[in-house]
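Order-wise, the sequence lines are chains R and U.
Taken in order, the first sequence gives residues 1 to 254; the numbers are from the numbering used here.
Taken in order, the second sequence gives residues 1 to 254; the numbers are from the numbering used here.
There are 2 protein chains.
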Amino acid sequence: MAASMSLTALPGFPRIRPGDDLAALILEGLEAAALRLEAGDVIVVAQKVVSKAEGRLVDLQDVTPSAPAHELAERAEKDPRLVELILLESREVLRVRPGLIIVEHRLGFVCANAGIDHSNVDQAAGERVLLLPEDPDASARRLRDRLEAACGVRPAVLIIDSHGRAWRMGTVGVAIGVAGLPALLDLRGRPDLFGRRLQVTQVGLADEVAAAASLLMGQADEGCPVVHLRGLRYPPHDGSLAELLRPRELDLFR
Amino acid sequence: MAASMSLTALPGFPRIRPGDDLAALILEGLEAAALRLEAGDVIVVAQKVVSKAEGRLVDLQDVTPSAPAHELAERAEKDPRLVELILLESREVLRVRPGLIIVEHRLGFVCANAGIDHSNVDQAAGERVLLLPEDPDASARRLRDRLEAACGVRPAVLIIDSHGRAWRMGTVGVAIGVAGLPALLDLRGRPDLFGRRLQVTQVGLADEVAAAASLLMGQADEGCPVVHLRGLRYPPHDGSLAELLRPRELDLFR
Chain R
1 MAASMSLTAL PGFPRIRPGD DLAALILEGL EAAALRLEAG DVIVVAQKVV SKAEGRLVDL
61 QDVTPSAPAH ELAERAEKDP RLVELILLES REVLRVRPGL IIVEHRLGFV CANAGIDHSN
121 VDQAAGERVL LLPEDPDASA RRLRDRLEAA CGVRPAVLII DSHGRAWRMG TVGVAIGVAG
181 LPALLDLRGR PDLFGRRLQV TQVGLADEVA AAASLLMGQA DEGCPVVHLR GLRYPPHDGS
241 LAELLRPREL DLFR
Chain U
1 MAASMSLTAL PGFPRIRPGD DLAALILEGL EAAALRLEAG DVIVVAQKVV SKAEGRLVDL
61 QDVTPSAPAH ELAERAEKDP RLVELILLES REVLRVRPGL IIVEHRLGFV CANAGIDHSN
121 VDQAAGERVL LLPEDPDASA RRLRDRLEAA CGVRPAVLII DSHGRAWRMG TVGVAIGVAG
181 LPALLDLRGR PDLFGRRLQV TQVGLADEVA AAASLLMGQA DEGCPVVHLR GLRYPPHDGS
241 LAELLRPREL DLFR
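1. In the DSSP assignment, what residue or residues form a beta bridge with glycine 177 of chain R?
2. Would you say leucine 131 of chain R and glutamate 74 of chain R are within 8 Å of each other, going by their C-beta atoms?
3. Would you decide whether valine 153 of chain R is buried or exposed? Buried here means 16 or more other CB atoms lie within 10 Å of its CB.
4. Mind checking which residues open and close the beta strand (DSSP E) that includes arginine 75 of chain U?
5. In angstroms, rounded to a whole number, what distance separates the CA positions of arginine 106 of chain R and leucine 85 of chain R?
6. Indicate whether serine 139 of chain R and valine 178 of chain R have their beta-carbon atoms separated by less than 8 Å.
7. Is phenylalanine 13 of chain R close to chain U, meaning its C-beta is less than 8 Å from at least one C-beta of that chain?
8. Please state whether the Cβ-Cβ distance between valine 93 of chain R and arginine 81 of chain R is less than 8 Å.
9. Counting pairs of Cβ atoms below 8 Å between the region 205 to 225 of chain R and the region 165 to 173 of chain R, do you hit three or more?
10. Quick check: glutamate 127 of chain R and leucine 60 of chain R, are their CB atoms within less than 8 Å of each other?
11. By alpha-carbon positions, which one of U:Ala67, U:Val45, U:Trp167 and U:Leu244 ends up nearest to arginine 144 of chain U?
12. Please name the residue in R:Asp21, R:Arg248 and R:Pro225 whose C-alpha comes closest to that of lysine 48 of chain R.
13. At least one CB of chain U closer than 8 Å to the CB of glutamine 202 of chain R: is that the case?
14. If you reduce the DSSP assignment to three classes, tell me which class methionine 5 of chain U lands in.
15. Helix, strand or coil for arginine 97 of chain R per DSSP?
16. Helix, strand or coil for cysteine 151 of chain R? Go by DSSP, reduced to three states.
17. What residues of chain R sit near leucine 232 of chain U, judged by a beta carbon separation below 7 Å?
18. Below 8 Å between beta carbons: does that hold for proline 155 of chain U and valine 42 of chain U?
19. Would you call the CB atoms of alanine 213 of chain R and leucine 232 of chain R closer than 8 Å?
20. Serine 240 of chain R CB to nearest chain U CB: under 8 Å?
21. Is the region 234 to 253 of chain R touching the region 158 to 169 of chain U, taking contact as three or more C-beta pairs under 8 Å?
22. Kindly indicate which three-state DSSP category valine 63 of chain U falls into: helix, strand or coil?
23. So, with DSSP's three-state summary, where would you put glutamate 127 of chain U?
24. If you draw a straight line from the alpha carbon of proline 236 of chain R to that of alanine 69 of chain U, how long is it in whole angstroms?
25. Along the chain, where does the beta strand (DSSP E) containing arginine 81 of chain U start, and where does it finish?
26. By DSSP's criteria, leucine 57 of chain U is part of a beta bridge. Which residues make up the other side?
27. Where does alanine 33 of chain U sit, in a helix, a strand or coil, going by DSSP?
28. Would you call proline 133 of chain R buried or exposed, if buried means 16 or more other Cβ atoms sit within 10 Å of its Cβ?
29. At the level of alpha carbons, what is the spacing between alanine 25 of chain U and phenylalanine 13 of chain U?
30. Glutamate 28 of chain U to isoleucine 159 of chain R, Cα distance in whole Å?
31. Taking the C-alpha atoms as reference points, what is the distance between alanine 53 of chain R and glycine 19 of chain R?
32. Helix, strand or coil: which one does DSSP assign to leucine 187 of chain U?
33. Going by alpha carbons, who is nearest to glutamate 148 of chain U out of U:Leu37, U:Arg17, U:Leu22 and U:Ile16?
34. Classify alanine 67 of chain R as buried or exposed, calling it buried when 16 or more other Cβ atoms lie within 10 Å of its own Cβ.
35. Got a sec, what are the start and stop residues for the beta strand (DSSP E) leucine 229 of chain U sits in?
36. Against chain U, with Cβ distances strictly below 8 Å, would leucine 130 of chain R count as a contact?
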């Protein structure tokens with residue numbers, strides 16, 4: 001039998017507002033796609049809809065930039081109020097150039113502008129931007145619990161974002177919240193085709209799933225923030241974002 | 001209609017030897033999976049089988065290390081003959097520590113040990129290692145032409161490898177050879193959900209496809225080096241690896 005996998009973008013997903021019940025909307029989307037959740041399925045959710053449902057919108061008019069934010073805003077040629085939020089959401093600023101501030105986010109990963117976004121945010125009610133979820137692992141776990149309660153099977157859930165990379169052009173989907181599958185797949189000790197031990201030993205499983213789902217979500221006005229994945233084989237291990245974060249002392253490119 | 005994508009690992013793929021006709025084997029694999037190639041399909045091929053078919057095996061017994069290779073081998077705690085090959089395959093050594101040499105490969109990307117591998121290489125005939133294909137874009141184009149000649153439709157073809165990353169743990173599939181689809185998807189000027197111009201503008205499409213396919217290939221003894229992808233929508237642009245390479249002057253993390 002050929003190993004295979006299928007990915008489906010849940011259709012008809014509405015625009016999300018603070019307080020919306022994302023789990024209920026995912027269940028409606030599964031029904032609209034004629035999908036019945038099965039054990040082992042993975043539900044991949046774009047960070048934006050999680051953040052919106054969790055009310056992570058901030059109106060820039062409510063932000064008073066600090067002196068460091070003003071200084072950094074000048075170097076980065078950005079709105080000092082936005083820079084204030086970037087600093088609040090970060091542990092460390094790694095690189096700065098016009099238009100770009102690369103930080104270690106408080107959640108531990110390296111990304112541009114602390115993941116704060118003002119595309120796909122309704123500006124009608126002011127100059128609003130969207131922060132990442134407070135705790136994406138917890139958001140993923142809550143969604144997983146809700147889906148299990150409704151369907152009786154326990155899917156894995158990923159919250160994903162798009163990140164730029166060192167060395168290579170273009171953003172790719174990466175996991176920022178993980179529940180119910182290994183974020184990192186450890187192959188150490190497994191034999192290669194000729195029975196020797198394998199050289200490459202750890203695979204960024206959750207990031208590969210994130211990239212796959214990202215292909216269907218699109219980045220622009222397509223509005224497909226939730227993808228259902230079936231057919232992925234993975235060992236029973238309840239992972240987390242932390243598995244994907246390279247410890248600073250093992251990172252040769254900071 | 002729900003947007004969807006399916007990936008199938010071609011079953012029964014044999015161990016590849018130098019001179020094997022990879023296109024013919026892919027056609028047999030498609031038949032074994034009961035798949036008829038359609039326009040827009042993507043065939044994703046692991047670098048290892050391309051390299052093997054192209055005879056990129058080198059016996060370490062035939063390699064005489066230079067003085068710089070001896071010096072670097074000491075720092076990296078590696079076989080000087082392997083290090084000689086790494087240097088021959090690289091433009092620049094970026095970082096060194098025991099067990100690891102990170103280089104800019106002659107093909108332009110940054111990777112560990114110049115992508116030279118000695119897992120899944122039959123050692124019976126000596127201490128052999130496997131170099132990357134001479135020109136993976138050309139390998140992808142040749143496969144594409146052969147598949148079109150046989151099937152009458154023109155699929156896209158990717159040659160992929162697994163690379164480690166700055167900042168994050170775990171390898172992910174990335175494209176090192178591209179034919180028939182955009183490697184980088186340019187969304188500049190496309191509107192977001194609220195009609196404004198998009199912030200994130202370039203998506204590493206070929207790398208996301210590589211990551212998706214990598215999920216089915218496995219890294220160990222699974223022996224599924226070719227994956228068929230159907231359902232991906234992409235504009236008609238014949239891309240190449242070069243699109244994915246961040247110019248040195250735009251790379252803040254060298």
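We treat Cβ as the ideally placed atom computed from N, Cα and C, and that holds for glycine.
Taking the structure as given:
1. R:Ile159
2. no
3. exposed
4. Arginine 75 of chain U -> not in any beta strand (DSSP E); alpha helix (DSSP H) instead, spanning 67 to 76.
5. 12 Å
6. no
7. no
8. no
9. yes
10. yes
11. U:Val45
12. R:Pro225
13. yes
14. strand
15. strand
16. helix
17. Leu215
18. yes
19. no
20. no
21. yes
22. coil
23. coil
24. 43 Å
25. From DSSP, arginine 81 of chain U is part of no beta strand (DSSP E) but of the alpha helix (DSSP H) over 80 to 88.
26. U:Leu130
27. coil
28. buried
29. The question names alanine, but residue 25 of chain U is leucine in the sequence shown. Those two C-alpha atoms are separated by around 7 Å.
30. 38 Å
31. 5 Å
32. coil
33. U:Leu37
34. exposed
35. 226 to 230
36. no
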